[in-house]
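*Asks:* To convert, note that position 222 of the sequence shown is 418 in our numbering; the numbers rise steadily by one, no gaps. Glycine residues also receive a C-beta, built at the ideal position from the N, C-alpha and C atoms. The structure displayed is predicted, hence computed values, not measured ones.
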Amino acid sequence: MELSFLSPLFLFGAIGASVPVLIHLLTRRQQKHIRFSAVYLLKRSQKRSIKRATPNRLFLLILRCMAVALFSMALAGPVFNPPSNAGAVSGGTVVFILDDSLSMRTQTAKESTLYREAVETLSTLIQNLSPDTQYGIVRASSPAKILQPLTVDKKARAVYLKGSSPSFLTTDIGGAISHALDLLKVASQGTRHIILLTDLSKNGWKEDSLQMEAADLSGTKITVLDFSSQAKAPNSVAATQATVSQQFLTNSRIIRVQTSASNFSTENALKGFPLTIWSDGQKQAEGVLDLPPRETSAKEMIFPNPDHSWIEGRIELGADSLPEDNRLFFAYQPDQTLNVLVVDGDPRTVQHQSEAFYVERALNPFSSSAAQIAPSVITLAELNRKNLFDYSVIFFCNVRELPYGYESQLEQFVLQGGAVIVSLGDQTHPKWFNQTMGNLFPVTLDQPLHSQSAQSAFQLSFEPGDHPVLNIFEGNALREMKKAGFNTIFKVTPRADRDFKTPMRFSGEHAAIVESEWGKGKTFLFTSSMDRDWNDFPIQPTFLPWLQRWVKYAAHGLGSVNQQNLFVGQALSDWKAELKGKNIWIQSPSGKVTALPTGEKAPVYEETSEPGLYHIYTAGRENEATPSAQDNQLPPFAELSGMFAVNIDPQESDPQKISHEDLSLFLEGLEVSVVDAQDFKATAPTEQGVPLTSPFLIAVAAVFFVEGFLLRRE
C-alpha cells in the first residue's frame, strides 16, 4: 500500500501551511495592563471570556494550516496504490501464461476483445510486481512458446504486448503450463506462482500435452483469471468445412460449393442464418442455413465458371461475437480435362481383344487431346510407376491382383477425394478381392452366375430418374440399353454395417453397379466385364455415353485432389509431383513472399499462421540457381502453379468451458484458484492507481465549512 503523486512539485505548496501561523503571530495584539480602581469584577469577567475564546482560535489556526496543506496535495495529483495480487509473490518468481488463441478474439461489450482485456490486466500485474520479483511470460497458442524468459525488467515486453494481437491458432494450455514449470525450475529460491489469463475454452485443455513431475509441483500456486464473462455473447456458429466440386454431366462448367456450419448453442436453433459465397471479389450465391442446437448442417450452392481459370473464393456466414470463424477460404482449378488411369488386367496382342480396348475407345473415341476425358492405359506391371494423385479416376479392368500393399495407396487416394471403378472378368479371384479390397468396397464376391442361353441372359434394369448418370436415358436409348445381354455376372453379398447404393441391377435383382463412399471419394463395382467376353454391351450405341457419364460422375468433386486445404499452423509438405525439382516461392495472404530451399527432398512450408489463400509460384532452375524473395517481390519469370487454402481449425470455435472440477483434475497436485477477471480487475490496481484529487479537494471544502461554522458561533 503506497501513496504517490503525479506532480510532486506542488507539494512544496505545503510550506504555505506556515502562513496562517505567521499571520497569527504577527497580528497578535499586545495586551496592555491599565490600572483602574474598583474594577475587580469587570477584570474577572474578561478573563473568563478570554479562556473560552483561546481554544477556538488555536483550532481555527490548525484548520487553516490543514486547508493549505490539503490543497497543495490535491494539486500534486495524489494516487493511492493498494497492494496487488501479484505482490503476493514478492521476492519470488511468477510466470504469466497469456492465452493468445483464436477464441480470445471474441468481442466484448466494450467493442474490444478478450485478448486486449487480458493484455491490459497482464501489463498492470507486471507493473505492480515488487522490484525483486522475477517474472516470465508464456503464450498459450499451439504450440506453446516462452515469450519472455525470467527477468526483473518490467519494460522488457511492454511495447510488444501493447502492439500484439491474438493468433488464429488453437489453445495448448498443457504445453504452456509445462513451459511455465520449466521456467520455475531455474528460478531462484522463493515463492513460485503461475498466473493464467484465459477464457477457459475446453478444447485447449488436453492432458497429453501436460508434462510435469511431482517434484515440479511442490510449492507451486496457480491462479486462473477467467475472462469469458466479459464476452459480448458466446460464439454461436462457425463455418466448419467447404467442399468445392465441378459438375461434368453438362456441357457448361458449373461449380458446386457445399458448406457445413455448426451451431454451438445448446438451446437456441438458428433458422435462416445467412450464407454467402464470394469468388474473385464478386458475390456468386446467397442462401440460408437452418442449424439445430449443437448440430452441424450443410448446404450446397452452385455458380457458373465460364473462363475455366483458378477460382479464389470464400464463404461467409452471418455475424456473431467471433467473426473470424465465420469465413472459409477455398481455391479451386476447374479441370480442363479429366485424367483417367485405366489398368488393363488382361492385355492381348490383338488390340481389340484386350480388356481395356472398349473402355479406352468409349472415353476418348477420337483420340483427341482436346477431349474432356483423357484415358491412360497401362498394364498391371506399370502401376507402381504411376502417381495416383495425377488422376481423377482409377479404372481397373479384370485385374487379377494388385502389387503387395498397394491397396493402402488406393485407400488414401479415395479418402482424399479420388474415385476407383472396378469391372470384373475371368481373371478376378473372389477370395483375393474379398480379403484385399474390403475397406473400399462394401460387398463380397460370390461365385459367378452363368446364363444357360441367349434367351435367359441377364439384362439391365433401372429407373432412369433415380440417378444423375441415368436420368438422360429414355425412349430408344433406354430400350437399347436394356436389350444388352450378359451371360456371366458376379453375385455379391453385402458386408455388415456398410452403406451403399445399387443404381443399376440385372434381371433377378442381382446388383449390376455397387456405388459407395469412402472418405471424400467414391468407389464403383461393375459386376460384369467391360469387354465382349461376358456380354455384348460394349458394342451397343449407349455404351459410350453410359461409361462417360459414370466417369464424369465419379470425378465429381475431384478438382481439389491436388489443391490442399490446411488448418492455421499446419505445414505444407505434400507437394504436387510436377513441383519437385523446381524453384518454389509462396505468397501469403498478406503478400509476404517466401523462397523455399530446393534439394532432393521436397521442401516444407511452415508459415501458415494466417487464414486465407496462399499462391505457389515456380520456375525452372535454368532461370535462377538459388530462389530468393527480396522486398516481398516475386521474380519476373515465376509462374503461378497452384494455390492452397488455410482455414481456422473449427475445434477452437466451440465456446464450451472447462468445469472447475475438470480443471482441478487436470492440474492435480497444484494449488489452484479460479478468479473471474472482472472481479479481479475491480480489486486490482490500474497502472495509474486510484486518483485521490477529488477526495482531497472535498476535504479542503470540509475544512472551510468547519471554519465557517466555528466563526459563526464565535
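Looking at C-alpha atoms only, which residue of Leu636, Ile812, Glu848, Glu711 is the closest neighbour of Glu835?
*Replies:* Checked all of Leu636, Ile812, Glu848, Glu711; the closest Cα to Glu835 is Ile812.
*Asks:* Along the chain, where does the alpha helix (DSSP H) containing Thr302 start, and where does it finish?
*Replies:* No alpha helix (DSSP H) contains Thr302, which DSSP labels as neither H nor E.
*Asks:* What does a CB cutoff of less than 8 Å around Glu883 pick up in its chain, not counting 5 residues either side in sequence?
*Replies:* Its pLDDT being 43, under 50, Glu883 is placed unreliably by the model, and nothing is read from it.
*Asks:* Quick one: is Leu218 buried, meaning 16 or more other Cβ sit within 10 Å of its Cβ, or exposed?
*Replies:* It is exposed - the Cβ of Leu218 has fewer than 16 other Cβ atoms within 10 Å.
*Asks:* Can you tell me the Cα-Cα spacing of Pro737 and Ala673, whole angstroms?
*Replies:* So the alpha carbons of these two residues sit roughly 8 Å apart.
*Asks:* Cβ of Ser458 within 9 Å of Cβ of Ala434?
*Replies:* Yes.
*Asks:* Applying the 10 Å Cβ sphere with the 16-neighbour rule, what's the burial state of His856?
*Replies:* Flag for His856 reads exposed.
*Asks:* Got a sec? Which residues, its chain only, sit under 8 Å from Leu256 by beta carbon, not counting five neighbours each side?
*Replies:* Excluding residues within five positions, the ones whose Cβ falls inside 8 Å are Glu903, Leu906, Leu907.
*Asks:* What separation, rounded to the nearest whole angstrom, lies between the Cα atoms of Val757 and Thr317?
*Replies:* Below a pLDDT of 50, predicted positions are generally treated as unreliable, and Val757, at 35, falls in that range; no measurement from the model is reported.
*Asks:* My assumption, with CB atoms under 8 Å, is that Phe423 sits in contact with Glu313. Please give the rounded CB distance.
*Replies:* Confirmed, about 6 Å.
*Asks:* Can you tell me whether DSSP reads Asn667 as helix, strand or coil?
*Replies:* Coil, per DSSP.
*Asks:* Do Ile450 and Ile418 have their C-beta atoms within less than 9 Å of each other?
*Replies:* Not in contact: Ile450 and Ile418 (Cβ atoms no closer than 9 Å).
*Asks:* Pull up the DSSP beta-bridge partners for Asp422, would you.
*Replies:* According to DSSP, which records beta bridges pairwise, Asp422 is partnered with Thr394, Asp872.
*Asks:* If we count Cβ pairs, one from each stretch, closer than 8 Å, do we get three or more for the segment 674–686 versus the segment 640–659?
*Replies:* At 8 Å Cβ cutoff, the stretches touch.
*Asks:* What did DSSP end up calling Phe364 once you bin it into helix, strand or coil?
*Replies:* Coil.
*Asks:* Hey, could you find the ends of the beta strand (DSSP E) Ala139 is sitting in?
*Replies:* There is simply no residue 139 to check, as the chain begins at 197 and stops at 910 in what is shown.
*Asks:* Could you give the DSSP three-state label for Glu705: helix, strand or coil?
*Replies:* Coil at Glu705, not helix or strand.
*Asks:* Quick check on DSSP: helix, strand or coil for Phe460?
*Replies:* In this structure, Phe460 counts as coil in the three-state DSSP scheme.
*Asks:* Would the beta-carbon of Asn583 fall within 9 Å of that of Thr624?
*Replies:* Not closer than 9 Å, so no.
*Asks:* What does the alpha-carbon distance come out to for the pair Ser550 and Glu556?
*Replies:* Those two C-alpha atoms are separated by around 10 Å.
*Asks:* For Phe267, collect the residues of the same chain with a Cβ closer than 6 Å to its Cβ; drop the 5 residues on either side in sequence, then sort them by chain order.
*Replies:* Counting only Cβ-Cβ distances below 6 Å, and skipping sequence neighbours, we find Val896.
*Asks:* In three-state terms, what does DSSP make of Thr632?
*Replies:* If DSSP states are grouped into helix, strand and coil, Thr632 belongs with the helices.
*Asks:* How close, in whole Å, do the beta carbons of Tyr331 and Leu310 come, if the pair is a contact with beta carbons under 8 Å?
*Replies:* About 22 Å; that fails the 8 Å criterion.
*Asks:* How would you call Pro799, buried or exposed, if buried means at least 16 neighbouring beta carbons within 10 angstroms?
*Replies:* Classification for Pro799: buried.
*Asks:* What is the rounded straight-line gap between the Cα of Ala282 and the Cα of Asp770?
*Replies:* With a pLDDT of 42 at Ala282, under the threshold of 50, the modelled position of that residue is not reliable, and no figure is offered here.
*Asks:* With distances taken Cα to Cα, identify the nearest neighbour of Ser619 among Trp730, Phe696, Lys697.
*Replies:* For Ser619, the nearest C-alpha among the options comes from Trp730.
*Asks:* Take Pro793 as the anchor and find which of Gly415, Ala898, Lys778 has the nearest alpha-carbon.
*Replies:* Comparing Cα-Cα distances from Pro793 to each of Gly415, Ala898, Lys778, the minimum goes to Lys778.
*Asks:* Counting C-beta neighbours from all protein chains within 10 Å, is the total for Ala650 16 or more, i.e. buried, or is it exposed?
*Replies:* Exposed: under 16 other Cβ atoms inside 10 Å.
*Asks:* According to DSSP, simplified to helix, strand and coil, what is Trp714?
*Replies:* In this structure, Trp714 counts as strand in the three-state DSSP scheme.
*Asks:* Report, in whole angstroms, the separation of the C-beta atoms of Val665 and Trp746, which I expect to be a contact under 8 Å.
*Replies:* Val665 to Trp746, Cβ: 6 Å. Contact.
*Asks:* Please determine if the segment 571–585 and the segment 519–532 are in contact, where contact requires at least 3 C-beta pairs separated by less than 8 Å.
*Replies:* The segment 571–585 vs the segment 519–532: no contact.
*Asks:* Starting from Ser835 and walking both ways along the beta strand (DSSP E), at which residues does that stretch end?
*Replies:* Note that residue 835 is Glu in the sequence shown here, rather than Ser. Looking at the DSSP string, the run of the beta strand (DSSP E) that includes Glu835 is 835–843.
*Asks:* Apart from the five residues just before and just after Ala210, which ones in its own chain have a Cβ nearer than 6 Å to its Cβ?
*Replies:* So the list reads Ala265, Ser268, once near-sequence residues are dropped.
*Asks:* Around the C-beta of Tyr600, are 16 or more other C-beta atoms found within 10 angstroms, so that it is buried, or is it exposed?
*Replies:* Label assigned to Tyr600: exposed.
*Asks:* Under the assumption that Ile511 contacts Arg523 (Cβ atoms under 8 Å), give the Cβ distance between them as a whole number of angstroms.
*Replies:* Between Arg523 and Ile511 the Cβ distance is about 7 Å, and since that is below 8 Å, they are a contact.
*Asks:* Using beta-carbon positions only, say whether Pro851 and Ala427 come within less than 9 Å of one another.
*Replies:* Result yes, Cβ atoms of Pro851 and Ala427 sit closer than 9 Å.
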